[in-house]
Every structure is written in structure tokens, then in C-alpha cells.
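Numbering (mature numbering (1 follows the signal peptide of the UniProt record, and there is no 0)) for the sequence shown: -18 to -1, 1 to 628.
Ideal Cβ positions, reconstructed from N, Cα and C, are used throughout, including at glycine.
Below is one structure, written out as C-alpha cells; the observations come after it.
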Amino acid sequence: MLSLMFHFGWTWIGLVISDDDQGIQFLSDLREEMQRHAICLAFVNMIPETMQTYKTRVKIYDQQIMTSSAKVVVIYGEMNSTLELSFRRWAYLGAQRIWITTSQWDVITHKKDFSLDFFHGTVTFAHHHNDIPVFRNFLQTINTSKYPIDISQSMLQWNHFNCSISKSNNKMDCFTFNNPLEWLAQHTFDMVLSEEGYNLYNAVYAVAHTYHELILQQIESPKMEEPKGVFTDCQQEVSLLKTRVFINPVGELVNMNHKENQCAKYDIFINWNFPQGLGLKVKIGSYFSCLPQSQQLHISEDWEWVTRETLVPSSVCSVTCIAGFRKIHQKQTANCCFDCVQCQENEIANDTDMEQCVRCPDDSYANLEQTKCLQRAVTFLAYEDPLGMALGCMALSFSAITILVLVTFVKYRDTPIVKANNRILSYILLISLAFCFLCSLLFIGHPNQATCILQQTTFAIFFTVAISTVLAKTITVVTAFKLTTPGRRIRKMMIKGATNLLIPICTLIQLVLCAIWLVTSPPFIDRDIQSEHGKVIIICNKGSVTAFHFVLGYLGSLALGSFTVAFLARNLPDRFNEAKFLTFSMLVFYSVWITFLPVYHSTKGKVMVVVEVFSILASSAGLLGCIFVQKCYVLLVRPDLNVLRK
């Protein structure tokens, strides 16, 4: 029974049994097998044997059958009982169910309504036996006078009983017959023996074989003078009968020892009820317990065609979870009852009714239906990308402009405006700014271990040189005004030497910080699979975020020192005093990098790289523009202003 349910996917089953020891044992056995096949019981109706108790509960049983979502119901118990009464009552009430039971429930219910539904009827399991071709001919040519008891009377009584329960008003349905042939002509029925009839058929042959052997034993026994026609030793007969093994007339091996019959073979039938008490019994398959499990149940090819062409009714507690969803079992319900929830991001379920979703590997991603993993496309901030191309062009353009400014300053190195602001420091600042622009190119293109390390170290060192140069220029401006008297010339020389050492000292400190960073937790190549759907972005991971912020913090402290000194010297009287421009350049630098930090931490993937490159270009361009634009304007456009006033 469970194999048939498993074949058609019926996992939500009702059970109706008799309330006795046999029914309770059947329930116990059924539950044990159901756990193996993941089939659940929707309800269990235990029908009491006494009519008085049954009448008090009949409405409960009716409601249970009629309202349950289970479309398949197993019936197990004896006929001619309250259980049979319930079955006929439910059929009368119009319960469209698939009833699965044993061969003794091969009954026809009297219904006038009819709908051709292949999947509503009584499915019975009967022990397999071959057809007896001579049985039909025997019934049609029977001569009752050959037998001690005239079976015509039994047929006439059956006809009388059939007339008494008929609701038809046609009087031609009820009259007597003179011989069985007339009765058979009027009553067409299945000429195939039932399971009980076939057992009786084999029993008669078993007894015949037993008596035949006893007669042979008596004839062949030397102690017996003559054979006896009547056997008085019943014990000997029973012992021989139990061990009887023979082949019956239809060619089947019959073994009367049931303990040796371990391999049971069943035929599976479905009974369709037609109006006016007519019915059709169709064999749909068989079950042989001795075959491998995958071959035990066999459904006939004709019935397989019917199942393909006709929608098989489902009997499940919950609808099947489609691919892309997983099951969540409901609390305090059977295992067959569950809810379906969609798999989480980047997880798939490639089959129905999956308990758990499977996470895709890092180099793959789940499709929109979350039924399979697709290969991710590898991407990075390349020069072919619009953003990469734009940033690369900006870096080269600003770097070229910086070189032109440097060439201009070298060309006009002897003019007052160049000499007044320490032309050596100006050269160093322009060279460091050119490298600051160029170091942003390390962030564009396919990252590797070398570029990941050079990105942060070159950025940190060249910016340190630039900011420390600005700090040196501001100190130079201040000392130019504070140490103007002859008595302070020695101190002026000492401060000038200290100013020249400021740049290497500040750079050395940054080199130490970078070395610690590279030794403890250096940058490395990383894969970002979260930023863009269906893509894996190759980026450089900073390694130690703390070290990165220490480097930025050190640059910020140098910029703060430069801003403070330049702000104090902004009002010193001099025609070529650049303290105001230095103050404004540091203000721009601070604005860029203070804005950078929150934006950088709120972005991922290529956008994060773009933000860092843009911050490098913007801060470098701010220093270049604020400090050198005015000087280039004087040198190239207004040379009349590039003179000292006496």
C-alpha cells in the first residue's frame, strides 16, 4: 500500500480501522512503515464494533472524512461490520476519495450519479493468481443434477434477494427461472474468481492430493489387506495437508505451509462504480516483495498512460516547495506539513522539497530563480572602464601640468617671486606633487601583490614629502620676518638648517610607519562578491585598517601643523608672502580627506577605489592650484608685478 502511495506522491493519508486488536496492530505496523517512506497520517478513525457506540460518533467520523484534505484513505477491517456501514455511508454522502484496502472490500456501491474519473474508486490488493479459463465455461454448462445438492435453489434465493432490495419499479426484473442457464443469461458478472474463491479452489485440490496420497499409502502398505474408503486418522490427514506442495491446473505452485511462503505477490485492482449497482474492476499493477525495492511495485503500461494523460489527484498536507525554496516545518504538526520560504541571497535549491538551501561558492552566484549557481564575471577598475579611463587621463594631465609648472619655475628661477619663497622647496614640492598624481595610476588596472603594496606606500611617502615641504615653506616665511636683525643671523642659519632637515625627518617617520604596516599586516589581493550582483571584484585589501588610519593620521598632523603656522603668518607684511596661499591649500587638503573617510567606509568594490583615487587627485590638485596658480599668473601674464619695491 505504501509503495503505491509513494509512487503517486500521496503523503497525506487518512486511516479508517476497526477498533479491535487486529486494527491496532495494523496501525502500529503502518506507522512504522510510514516513517520510512515519509508518509503521514492526516487522521485515524477507529470505528467501534458495537452499533450503539458507533451511532454516538457517526457524525464525528463523517465530518472527519468530508472535511479532511487527505484524498487517499486506507480502510482495514472486517466486512459485515460497522466499518462497512461507514464505508457505504461515505459513498452515499458523495465522499470523492481514493479508498485503498484489501481484496475483501471488493464491493459495489449503489449510486445513480456517475462521472468518469480514473482516480476515484476503491484500490484493492489481492494475492496474485492466474485466471482459470475453464471456469467461465464450467458455469455456463453446469448440470446441477450431477451434484447431491441442487445449486439452482441458491441461485433463485439470490435472485429473490436482489429483487427485494431493488428500487426499480420494473416488474420484469423479478421472476423465477427454471434452470441456472436462464439465470446466468440474465445476470452478467465477473467470471474471474475472487481471492476467497481461488483459495477455496486450491484447498479442494490440496485435499484431493492429500487423500490421493493416503489411498496410495494404504494400497502400497503390506500390512493393509484392502484399502479403506473412509479415513479415521484426522491427525495424519492434517499433517499431510500442511506439508502439501503441488502445481494446480493453471500452472501455479501451491505451498500449503504458509511459513515457507515468504515471497508474497499481489495484484492491484481499482474498482469503478457505475450507476444502478454496476461496476468495473481493472488491474492496474502488481507488487512482488522478493524483488529489489526499486522493482517491487509494477504499474501496467496502460495505466501509466492514463496517469500521463489524466491529472493525478494529490494528497499532501502542504504544496510541494518548488526549486529555489526550502521547507520550514510547522510546529506541533506532522512532518508532512510545512511552509515554503525562499532561499537566502546566494543560496540555491535545485530540487523540490529541499530541507536546506546550498550556498554557492565564492566564484559563483545564484540566478534570479535561485535554482542554480552561475559563474561570476571577474572585474576591477580597468583603464577600459569609463571611470578608469577618466581618472587615468586626469592623473596624467595633472602630472603634465605639474611638470610644466616646474619647468616654468626653473626658467624664471632668478626672478623675485621664485626666490622669495625658497625655490628649492618649491622644486621639491612640485616634484612630489607630480609623483602624487602618478601614484594614483597604481590603483587602476588588474591588482597584484606588488601594486597592492606600492599603492599605499607610495601614496603615503609622496604625500608626506609634499606636506612636510609645505610645513618647511611656512616655517621659512615666519623665520624670514622674525630673524631680520644682524644679531640674530646665527640663529637664522641654525633654523634654516633645521628647516632643511624637516623634510627627511618627517619622511623617515612615515617610512617607519609603513614598514611596521608591511611587516605586521601588509595589503593583499582580495575578492569582493557583495558589491555587484553576478560579479567578483578584484581589489586590494588594506590589510591592517589601523595602520592605514595611522598613516592618514600622521599626514593629517603634518597638515595641521602647516595650517597653524601658515595661519599665524598670513598677515606678515611682504609683497610675496605666500602664507595665505599655504593656509588655503591646507584647508583644501583637510576638506578633501575629512570628506574622504566617511565616503570611503560607506562604499565597496570599484566605487571605493574610485573614491580613494579621486581624493588623491583632488588634494594634490588643491595644493598645486592654491600655491602655484598665482605665481604662474605673475610669471607668465603679469611680469610687471615680478619686481621688488624699494
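In or out: residue i buried (at least 16 other Cβ within 10 Å) or exposed?
{"i": "Phe112", "result": "Before going further, note that residue 112 is Asn rather than Phe in the sequence given. With fewer than 16 other Cβ atoms within 10 Å, it is exposed."}
{"i": "Glu15", "result": "exposed"}
{"i": "Asp335", "result": "buried"}
{"i": "Gln431", "result": "exposed"}
{"i": "Ile394", "result": "One point to set straight first is that residue 394 is Tyr, not Ile, in the sequence displayed. Under this definition Tyr394 is a buried residue."}
{"i": "Glu594", "result": "buried"}
{"i": "Met371", "result": "exposed"}
{"i": "Leu(-15)", "result": "buried"}
{"i": "Pro231", "result": "exposed"}
{"i": "Ala382", "result": "exposed"}
{"i": "Cys216", "result": "exposed"}
{"i": "Val105", "result": "buried"}
{"i": "residue 699", "result": "Because residue 699 is not part of the residues shown, which for the chain are -18 to 628, the question remains open."}
{"i": "Leu65", "result": "buried"}
Need the endpoints of the alpha helix (DSSP H) that residue i sits in, please.
{"i": "Thr546", "result": "527 to 550"}
{"i": "Phe419", "result": "405 to 421"}
{"i": "Leu182", "result": "177 to 202"}
{"i": "Gln218", "result": "216 to 224"}
Going straight from the alpha carbon of residue i to that of residue j, what length do you get?
{"i": "Asp3", "j": "Ile57", "result": "15 Å"}
{"i": "Ser503", "j": "Gly525", "result": "5 Å"}
{"i": "Ser567", "j": "Val619", "result": "22 Å"}
{"i": "Gln34", "j": "Pro295", "result": "36 Å"}
{"i": "Tyr365", "j": "Leu373", "result": "9 Å"}
{"i": "Thr361", "j": "Ile406", "result": "44 Å"}
{"i": "residue 629", "j": "Lys41", "result": "For the chain, the structure presents residues -18 to 628; residue 629 sits outside this window and is missing."}
{"i": "Val547", "j": "Pro398", "result": "23 Å"}
{"i": "Leu484", "j": "Ala454", "result": "7 Å"}
{"i": "Ala185", "j": "Tyr193", "result": "12 Å"}
{"i": "Ile250", "j": "Lys265", "result": "6 Å"}
{"i": "Tyr43", "j": "Thr83", "result": "18 Å"}
{"i": "residue 685", "j": "Ile(-2)", "result": "Nothing about residue 685 can be read from this structure; the chain reaches only from -18 to 628."}
{"i": "Asn523", "j": "Val591", "result": "10 Å"}
{"i": "Asn27", "j": "Leu(-4)", "result": "6 Å"}
{"i": "Asn349", "j": "Val340", "result": "13 Å"}
{"i": "Phe417", "j": "Phe444", "result": "7 Å"}
{"i": "Gln78", "j": "Phe307", "result": "32 Å"}
Determine the DSSP secondary structure at residue i, reduced to helix, strand or coil.
{"i": "Trp254", "result": "strand"}
{"i": "Phe596", "result": "helix"}
{"i": "Arg620", "result": "coil"}
{"i": "Tyr365", "result": "coil"}
{"i": "residue 639", "result": "Nothing can be reported for residue 639: it is not among the residues displayed for the chain, which extend from -18 to 628."}
{"i": "Trp81", "result": "strand"}
{"i": "Lys53", "result": "coil"}
{"i": "Cys355", "result": "strand"}
{"i": "Asp510", "result": "strand"}
{"i": "Trp(-9)", "result": "coil"}
{"i": "Ser(-1)", "result": "strand"}
{"i": "Gly5", "result": "helix"}
{"i": "Gly103", "result": "coil"}
{"i": "Met48", "result": "helix"}
{"i": "Tyr615", "result": "helix"}
{"i": "Ala402", "result": "coil"}
{"i": "Asn237", "result": "strand"}
{"i": "Leu75", "result": "coil"}
{"i": "residue 636", "result": "Given a span of -18 to 628 for the chain in the structure shown, any question on residue 636 remains unanswerable."}
{"i": "His109", "result": "strand"}
{"i": "Met33", "result": "helix"}
{"i": "Val232", "result": "coil"}
{"i": "Met(-18)", "result": "coil"}
{"i": "Ile491", "result": "helix"}
{"i": "Gly607", "result": "helix"}
{"i": "Met16", "result": "helix"}
{"i": "Met61", "result": "coil"}
{"i": "Ile449", "result": "helix"}
{"i": "residue 640", "result": "Summary: the structure shown does not reach residue 640, with the chain confined to residues -18 through 628, and so no result is reported for it."}
{"i": "Ile485", "result": "helix"}
So the beta strand (DSSP E) residue i belongs to, where does it begin and stop?
{"i": "Ala372", "result": "Not the beta strand (DSSP E): Ala372 falls in the alpha helix (DSSP H), residues 368 to 393."}
{"i": "Asn27", "result": "22 to 29"}
{"i": "Asn523", "result": "517 to 523"}
{"i": "Phe228", "result": "227 to 229"}
{"i": "Ser271", "result": "No beta strand (DSSP E) holds Ser271; DSSP gives it neither H nor E."}
{"i": "Ser346", "result": "346 to 348"}
Whole beta strand (DSSP E) elements within the segment 281 to 333, 3-residue minimum
307 to 311, 320 to 324
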